[in-house]
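Numbering (the working numbering), first residue to last: 1119 to 1436. Glycine residues also receive a C-beta, built at the ideal position from the N, C-alpha and C atoms. Please read these numbers as outputs of a predicted model, since none were measured by experiment. Here the structure comes first, spelled out in structure tokens, and everything after it is commentary.
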Ligand code: SF4
Ligand code: SF4
Ligand code: SF4
């Protein structure tokens, strides 16, 4: 942590940053919170560890909009944050020159929804980490877990734990956790009969309360006015009709097609632990197979949805 703080302090001054987006300690055990620092002196507030599950590119979009796209902003970037920043630059959301990407090696982050499930309503007072084990202490309980049991599904199959594009890199690059085959659950799900798949989605999405926390956490959701909030025309109802909820999820996944960097921030934000990753991974697989495109890897390749090739598959056109 000391290395991170000292290097950030120097980068802040050398690069004449007006703002730096990083993580600071949260108010609850095992939680961090995105933190904005406005001077090099504030660098000692910063942390980076396995609790840092937000995708900070989300805050970069917001800050760029707020500052009229002129401020020189630094951002601490895990592999998935850096990919989101690259994708956002490729989508013209801000100029590359005004962003300083400070890459950090990521060893996986906790998914708060998995933690909630393990705790089953109990509160942690403190925790202890010993290599791959984490022990949670609360009132009248102690629970030892393997860290992998709490890590986000995105992390368990992440291919890019280190920032792929950066101006500075702090620390030694991490190896991917490599715990799971990236598309195993999608492949397994696809083997099910269509009615079983539909039943699964109906059951999952009927629990959704449309709080839109998943949308709000996503760096790729930056429309000035989301279609779900529009009243003229009103695209979907505001009540709890399941068909409206399903439309929200289908449109969200289509809007993030070829753009989602599988950071898991949406799943981590969901208060009801709804499986919102399955559809996204299915679409990601489709985009790779059809267009050979993985979002956010470099500043040269045109995003799949922003270009076309003569040999693109077009069998869906009647
Ligand atoms: S998806 Fe990869 S880079 Fe992102 S938090 Fe997980 S391990 Fe880190
Ligand atoms: S965060 Fe969860 S409950 Fe809220 S809208 Fe998204 S899926 Fe539904
Ligand atoms: S859809 Fe979810 S996983 Fe994909 S970029 Fe947005 S927050 Fe990350």
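Ends of the alpha helix (DSSP H) at residue 1372? 1360–1373
Taking Cβ positions, are residue 1380 and residue 1404 nearer each other than 8 Å? Result no, Cβ atoms of residue 1380 and residue 1404 do not sit closer than 8 Å.
Suppose the cutoff is 6 Å on Cβ atoms and the five residues either side in sequence are ignored; what does the same chain contact list for residue 1365 look like? 1354
DSSP puts residue 1280 in a beta bridge; with which residues? 1223
Give, in chain order, every unbroken run of the beta strand (DSSP E) that is at least 3 residues long and sits entirely within the segment 1169–1196. 1191–1195
Just verifying my parser: in three-state terms, what is the DSSP assignment at residue 1266? helix
For residue 1152, which residues does DSSP report across the bridge? 1141
Evaluate residue 1312 with the Cβ neighbour count: other Cβ atoms within 10 Å of its Cβ, from every protein chain shown; 16 or more gives buried, anything less gives exposed. exposed
Relative to the C-alpha of residue 1239, which residue among 1220, 1202 and 1259 is closest? 1259
Contact belief for residue 1383 with residue 1424 at Cβ below 8 Å, rounded distance in angstroms: About 23 Å separates the two Cβ atoms, so there is no contact after all.
With which residues is residue 1253 paired in a DSSP beta bridge? 1246 and 1262
Use the C-beta contact count for residue 1230: other C-beta atoms within 10 angstroms, 16 or more gives buried, fewer gives exposed. Result: buried.
For ligand 3, any of its heavy atoms closer than 7 Å to the Cβ of residue 1505? Outside the displayed range of the chain (1119 to 1436) lies residue 1505, so it cannot be described from this structure.
From the DSSP output, in three-state form, read off residue 1164 for me. strand
Would you mind sorting residue 1272 into buried or exposed? The rule is 16 or more other CB atoms within 10 Å of its CB. buried
The alpha helix (DSSP H) that contains residue 1396, what's its start and end? Note, residue 1396: alpha helix (DSSP H), 1395–1409.
Among 1146, 1227, 1293 and 1417, the one whose alpha carbon lies nearest that of residue 1242: 1146
When the Cα atoms are used, what is the spatial distance from residue 1450 to residue 1291? The question about residue 1450 has no answer, for the chain in this structure spans 1119 to 1436.
Can you tell me where the alpha helix (DSSP H) holding residue 1231 begins and where it ends? Annotation: the continuous alpha helix (DSSP H) that includes residue 1231 extends over 1230–1237.
Would you mind reading off the limits of the alpha helix (DSSP H) that contains residue 1121? 1120–1132
Let me know if residue 1199 comes out buried or exposed under the rule of 16 or more other beta-carbons within 10 Å of its beta-carbon. buried
Residue 1193 and residue 1174 closer than 8 Å at C-beta: Using a Cβ distance threshold of 8 Å, residue 1193 and residue 1174 count as a contacting pair.
Tell me the rounded alpha-carbon separation between residue 1179 and residue 1310. 39 Å
Compute the beta-carbon to beta-carbon distance between residue 1387 and residue 1332, rounded to the nearest angstrom, for a pair I have assumed lies under 8 Å. 6 Å
Could you pull the start and end residues of the alpha helix (DSSP H) that residue 1420 belongs to? Per DSSP, residue 1420 belongs to no alpha helix (DSSP H) and is neither H nor E.
Taking the continuous alpha helix (DSSP H) assigned at residue 1084, which residues delimit it? This structure cannot speak to residue 1084, because the chain is shown only from 1119 to 1436.
Whose C-alpha, out of 1121, 1357, 1264 and 1284, is nearest the C-alpha of residue 1074? Residue coverage of the chain in this structure runs from 1119 to 1436, which leaves residue 1074 outside it and unanswerable.
Mapping DSSP to helix, strand and coil, what is residue 1203? helix
Using only the heavy atoms of ligand 4, determine whether one of them is closer than 7 Å to the beta carbon of residue 1226. Of the ligands this structure carries, namely ligand 1, ligand 2 and ligand 3, none is ligand 4.
How about the segment 1274–1288 and the segment 1411–1426: do they share at least three Cβ pairs that are nearer than 8 Å? yes
Buried or exposed (CB count within 10 angstroms, at least 16 for buried), residue 1221: buried
Mark residue 1326 as exposed unless 16 or more other C-beta atoms lie within 10 angstroms of its C-beta, in which case mark it buried. buried
Residue 1345 in three-state terms, based on DSSP: helix
Does at least one heavy atom of ligand 2 sit under 7 Å from the Cβ of residue 1281? Answer for residue 1281: no, Cβ out of range of ligand 2.
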